[in-house]
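Each remark here refers to the structure printed beneath this line.
Quick look at the structure:
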């Protein structure tokens, strides 16, 4: 696509359309839209073919992505979040020589979808999701490792959906549900 192509002519992808739909739904749940406005904006977003068609669907809505972005950095230590913690809408993690463990199974999450962006040079990442949550790791890349996602990748209504993006140069990304521990019978 030429750099000087007008934005109103750029075709939108299904992913772009989905993000706009989620933003409209978020605005409705936050009380920024009436049910009629929700229907009108959703129809506009779902039938859009270009950026010029898509952008009016969110005109005048607050940008939820700008409100809750947290960035964590580590040079040689591990980034670890477990237990009850408040998860932002967008979590960006950078680490040169450390791993990442994010346990979302007992967290407070105020959004239907969150994004986790990983930039890891030497280190692996494990993301533990609450039961029933889904994750899409198509945007995560690794040079000398692997991406293992054992949870469903397609968003489900009413369940948390996590989008994982970024690069792990020499590490593995694993996305899973909590492990179940079995008690011995007596």
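In UniProt numbering, the protein residues as written are 1 to 186.
Where a beta carbon is used, it is the ideal one built from N, C-alpha and C, also for glycine.
Given the structure is predicted, the values throughout are model-derived calculations rather than measurements.
Here residue 21 carries a helix assignment [DSSP, helix/strand/coil]. A residue is called buried once 16 or more other Cβ atoms fall within 10 Å of its Cβ, and residue 48 is buried on that count. Bounds of the beta strand (DSSP E) holding residue 142 are 134 to 142.
Sorting 13, 76 and 103 by C-alpha distance to the C-alpha of residue 85 places 103 at the top.
The secondary-structure analysis by DSSP pairs residue 96 with nothing; it has no beta-bridge partner.
Under DSSP, residue 125 forms a beta bridge with 100 and 173. Residues of the same chain with a CB within less than 7 Å of the CB of residue 109, apart from the 5 flanking positions on each side, are 87 and 160 in chain order.
The secondary-structure analysis by DSSP pairs residue 73 across a beta bridge with 94.
Excluding residues up to 5 positions away in sequence, 85 and 87 lie with their Cβ nearer than 6 Å to the Cβ of residue 107 in the same chain. Under the three-state reduction of DSSP output, residue 41 falls in the helix class.
Between residue 44 and the set 54, 162, 130 and 50, the nearest pair of CA atoms involves 54. DSSP, read as helix, strand or coil, puts residue 87 in strand.
For residue 60, the three-state secondary structure derived from DSSP is coil. Contact between residue 46 and residue 17 is confirmed by a C-beta separation of about 7 Å, below the 8 Å threshold.
For residue 50 against residue 12, the beta-carbon gap comes to about 6 Å, under 8 Å, which counts as contact. In chain order, 115 and 136 place their CB closer than 6 Å to the CB of residue 163, counting only its own chain and leaving out the 5 sequence neighbours on each side. Cβ-Cβ distances below 6 Å link residue 172 to 124, 145 and 146 in the same chain, with the five nearest sequence neighbours on each side left out; the list follows chain order. By the criterion of a C-beta distance shorter than 6 Å, residue 78 is surrounded in its chain by 98 and 99, once the five residues flanking it on both sides are discounted. Judged by their CB atoms, residue 148 and residue 117 are not nearer to each other than the 9 Å cut-off. DSSP, read as helix, strand or coil, puts residue 158 in coil.
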